[in-house]
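Counting along the sequence shown from 1, when you hit position 13 you're at 13 in UniProt numbering, and nothing is skipped either side. Where a beta carbon is used, it is the ideal one built from N, C-alpha and C, also for glycine. Before any comments, here is the structure.
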Amino acid sequence: DAGTHSGDATLLLPAQRLHLETHRRVMHTASQMCDALQISGPFNIQFIAQEGPSSSMRSVKVIECNVRASRTVPFVSKTLNINFIELATRVMLGQDVKPSPVHLLDFDFIACKVPVFSFLRLSGSDPHVG
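In structure tokens, the structure reads:
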């Protein structure tokens, strides 16, 4: 059985019902990986977080890291009103770029990205994926 490709997953920004400690671990791990791999352009990291009632029962693991722009970049750029492709291009050209701090707790909305599949155009296809 195959699962759903991460690019076809539903995405909410900011994440909902995520422990603050888990969010901090994800941010810390992403920063460490970026420094260790000397990444200076667009990248995405896929995490899996296991939530539990206590900190000893919570874990964060990296599934993969891709040094490229993904389908998520336009969604995040539009949601945060920050052109991440422009920023990444400037960084890759060696220009100084000031960090754009984002405080997800300050959002008064939730953005949602959902996949759209053309099952009606694919004769005999099964729309029950997963």
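Pairwise C-alpha distance: residue j and residue i
i    : j    : result
V67  : A88  : 12 angstroms
P53  : L93  : 45 angstroms
R24  : S123 : 46 angstroms
L13  : Q95  : 29 angstroms
V116 : H103 : 29 angstroms
R121 : H128 : 15 angstroms
A36  : D108 : 34 angstroms
A69  : I82  : 15 angstroms
H28  : Q38  : 15 angstroms
D1   : S40  : Only weak support exists for where D1 lies, its pLDDT of 44 falling under 50; the value from the coordinates is given anyway. Taking the straight line from one Cα to the other gives about 37 angstroms.
V97  : V60  : 29 angstroms
V91  : H19  : 32 angstroms
C112 : R71  : 13 angstroms
Proximal residues to residue i (C-beta, below 7 angstroms), its chain only, five neighbours per side dropped
i   : result
I45 : A30, M33, V62, C65
V73 : P42, F84, I85
E51 : H19, T22, R58
Sequence-distant residues of the same chain with beta carbon closer than 6 angstroms to residue i, five excluded per side
i    : result
V114 : T10
D8   : P115
Top-ranked residue by Cα proximity to residue i, from the options
i    : options             : result
S77  : E51, E21, S100      : S100
A49  : L80, F119, V26      : V26
D106 : T79, F119, V91, R71 : T79
Sequence-distant residues of the same chain with beta carbon closer than 8 angstroms to residue i, five excluded per side
i   : result
Q16 : I110
F75 : L11, L13, A111, K113
Contact test: residue i Cβ vs the ligand PLP heavy atom, cutoff 6 angstroms
i   : result
K78 : Summarising the ligand content, the structure contains no ligands, and the ligand PLP is consequently not present.
- Message: Ignoring anything shorter than 4 residues, give me the alpha helix (DSSP H) runs that lie fully in the UniProt domain "ATP-grasp" (21-93), in order along the chain.
- Response: 72-80, 84-92
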